[in-house]
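Comments concern the structure below.
Number of protein chains: 2
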Amino acid sequence: MPIIILVNPQMGENIGAVARVMGNFALSELRIVFPRDGWPNEKAVAMAAGAEAILSDAKIYASTREAIADLEIVFATTIRGRDMVKPVVTAREAVSQFTSKTGILFGPERSGLSNDDTALSSAILSIPTNPAFSSLNLAQAVAICCYEWFQLQEKPAADKERQLAEKQEVLAMITHLETALETREFFKVPEMKERMRRNIENIFTRNQLTSQEVQTLRGIIACLEK
Amino acid sequence: MPIIILVNPQMGENIGAVARVMGNFALSELRIVFPRDGWPNEKAVAMAAGAEAILSDAKIYASTREAIADLEIVFATTIRGRDMVKPVVTAREAVSQFTSKTGILFGPERSGLSNDDTALSSAILSIPTNPAFSSLNLAQAVAICCYEWFQLQEKPAADKERQLAEKQEVLAMITHLETALETREFFKVPEMKERMRRNIENIFTRNQLTSQEVQTLRGIIACLEK
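Listed below in structure tokens is the structure:
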């Protein structure tokens, strides 16, 4: 579960809205670096709408450095910093990289994260927005990160119903196909062989095939090679 | 581009936050049914943070019925209404069904959409949330719908680079495969034929194949049926 880290947040209302949306998407750990209006903050409590526990459990830090000291991976949400030599990932891409010790840094409302804070991060997390009007409200930016993380947690349940094939079933099917093609001299040009192989593997692994579908494909290969 | 329809919104701040996040994700058409505090609303303008044009262009209606009269598809965002006989889709699933005349209804902050308003919709749009704390702030719910729509718009650019196959290429490849299978009596059991056919079509159409990949698959079929 990612840890949300607000750096120098200005408005209590936004901190409260952040806590609420964290609760909506089953996140619980909030860290706050030097909140402008001190702590605790009544306006934050008023906006939390049921997520007061997240606020009262929030840890307050004097610096970003201290707030991230125990973490493995830190993402910086920013639309600047593109000139920094850091990987840039979308929110959707980032959530699949989260470990149990991952933090996401969000800067103050007016200015966003400073270059110094961004420099402390492992990667830039960028939410794709309208380039002509890209400045998201702080709580909205947090909402989208939390939402993406929660969707990823939801997925396994839906996938289980479809009985997804295990990787080994898919790879055995691909081996079956490649052996049949090899026998028929499909890979005539040696230089092309590896690329063709990758193409084939890509076609069948990109898609999340079910066990039933892998069986169907094996049936097709067996039928055609008769 | 979907139309955001707020039914009886209570707080001006939320209406302003909705306008801002619509702008962030390149949406522009806002409709409001009977706003509690009248219209225009100063608090809405204060929260729009640059999206004032969306507010001033917003159309005001006296009833939900009038607000949706010219639309083809209407989604109702609600966590209730599950007992209604309506399809329920997630935000991520819904956005791929949007036409140019699609509206998304959002109910008032306290109570959500009424059953009467939900009954007017084509389907329920449900945002998966923590079941123990599922009540999203109005502007956050709008944000996630707008975000999902915008992510879908971003996709074609990336896909174009990959030169996606046209549907007719994919269908011709499937016909090629099915003819080869037919010749080899793959569809032995007549009752199973249609289901097998659907399985095959599903495997190759779910995936967005590139032209290159369709060529590879045709090469494979031709090679195996030799």
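Taken in order, these protein sequences are the chains called A and B. Read in order, the letters of the first sequence correspond to residues 1 to 226 in my numbering. Read in order, the letters of the second sequence correspond to residues 1001 to 1226 in my numbering. By construction, the Cβ of each residue, glycine as well, lies at the ideal position given by its N, Cα and C atoms.
Residue span of the beta strand (DSSP E) that contains residue i, given as start and end
i	result
A:Thr-228	In the structure as shown, chain A starts at 1 and stops at 226, and residue 228 of chain A therefore has no counterpart that could be examined.
B:Arg-1031	1030-1033
A:Ala-76	73-77
Those residues which DSSP pairs with residue i across a bridge
i	result
A:Ser-126	A:Thr-90
A:Phe-106	A:Leu-6
A:Tyr-61	A:Val-33
B:Leu-1164	B:Thr-1210
Length of the line joining the Cα atoms of residue i and residue j
i	j	result
B:Cys-1223	B:Glu-1169	18 Å
B:Thr-1064	B:Leu-1113	10 Å
B:Pro-1131	A:Asn-24	8 Å
B:Ala-1151	B:Ser-1096	Ala is not the amino acid found at residue 1151 of chain B; the sequence shown has Gln there. The straight-line gap from Cα to Cα measures roughly 11 Å.
A:Asn-8	B:Gly-1038	36 Å
A:Met-1	B:Asp-1070	44 Å
A:Glu-213	A:Leu-120	46 Å
B:Glu-1178	B:Arg-1197	8 Å
B:Leu-997	A:Ile-203	Beyond the ends of chain B as shown, which are 1001 and 1226, falls residue 997 of chain B; an answer cannot be given.
A:Cys-145	B:Thr-1118	29 Å
A:Phe-133	B:Lys-1167	35 Å
B:Asn-1199	B:Ala-1051	47 Å
B:Asp-1116	B:Ala-1076	11 Å
Same chain only: Cβ atoms within 7 Å of residue i, ignoring 5 sequence neighbours per side
i	result
B:Ala-1158	Confidence at B:Ala-1158 is low in this model, with a pLDDT of 49, below 50, so the placement of that residue is unreliable and no value is reported for it.
A:Asn-41	Gly-12, Ile-15 and Pro-35
A:Ala-26	Phe-150
B:Glu-1191	none
A:Arg-206	none
A:Ala-180	Ile-221 and Glu-225
Cβ neighbours of residue i in the same chain (closer than 8 Å, five flanking residues each side left out)
i	result
B:Tyr-1061	Arg-1031, Ile-1032, Val-1033, Phe-1034 and Ala-1067
A:Arg-92	Glu-148
Start and end residues, alpha helix (DSSP H) containing residue i
i	result
B:Val-966	Residue numbering for chain B in the displayed model covers 1001 to 1226; residue 966 of chain B lies beyond these limits and cannot be assessed.
B:Leu-1181	1167-1183
B:Thr-1118	1115-1119
B:Val-1214	1211-1224
A:Leu-27	Counting along the chain, A:Leu-27 falls outside any alpha helix (DSSP H), and DSSP gives it neither H nor E.
B:Met-1196	1190-1206
B:Ala-1046	1042-1048
A:Ser-56	52-56
Same chain only: Cβ atoms within 6 Å of residue i, ignoring 5 sequence neighbours per side
i	result
A:Asn-14	Leu-138 and Ala-139
B:Ala-1048	Gly-1016, Ala-1019, Arg-1020 and Leu-1055
A:Gly-107	Val-7 and Leu-113
B:Asn-1058	Strictly speaking, residue 1058 of chain B in this sequence is Ala, with Asn absent from that position. Closer than 6 Å at Cβ, skipping near neighbours: Leu-1030 and Ile-1032.
B:Ser-1122	Ile-1073 and Val-1074
A:Gly-103	Ile-3, Ile-5, Ile-68, Leu-71 and Val-74
A:Phe-98	Pro-2
heavy atom of the ligand SAM below 7 Å from residue i C-beta
i	result
B:Met-1047	No copy of the ligand SAM appears in this structure; indeed no ligand is present at all.
Quiz item: At a Cβ cut of 9 Å, what residues of the stretch 1-17 of chain A count as close to chain B, listed as they run along the chain?
Solution: Glu-13 and Ala-17
Quiz item: Of the residues that make up the stretch 60-84 of chain A, which ones have a beta carbon closer than 9 Å to any beta carbon in chain B?
Solution: none
Quiz item: What residues from the stretch 1014-1046 of chain B come within 7 Å of chain A, judged by C-beta to C-beta, listed N to C?
Solution: Ala-1017, Arg-1020, Val-1021, Gly-1023, Asn-1024, Phe-1025 and Ala-1026
Quiz prompt | Residues in the stretch 195-224 of chain A having any Cβ partner in chain B nearer than 8 Å | solution = Met-196, Asn-199, Ile-200, Asn-202, Ile-203, Arg-206, Asn-207, Leu-209, Gln-212, Glu-213, Thr-216, Leu-217, Gly-219, Ile-220, Ile-221, Cys-223 and Leu-224
Quiz item: At a Cβ cut of 8 Å, what residues of the stretch 92-115 of chain A count as close to chain B, listed as they run along the chain?
Solution: Arg-92
Quiz item: Of the residues that make up the stretch 143-157 of chain A, which ones have a beta carbon closer than 7 Å to any beta carbon in chain B?
Solution: Ala-143, Ile-144, Tyr-147, Phe-150, Gln-151 and Glu-154
Self-check item: Against chain B: residues of the stretch 176-189 of chain A by CB proximity under 9 Å
Solution: Leu-177, Ala-180, Leu-181, Arg-184, Glu-185 and Phe-186
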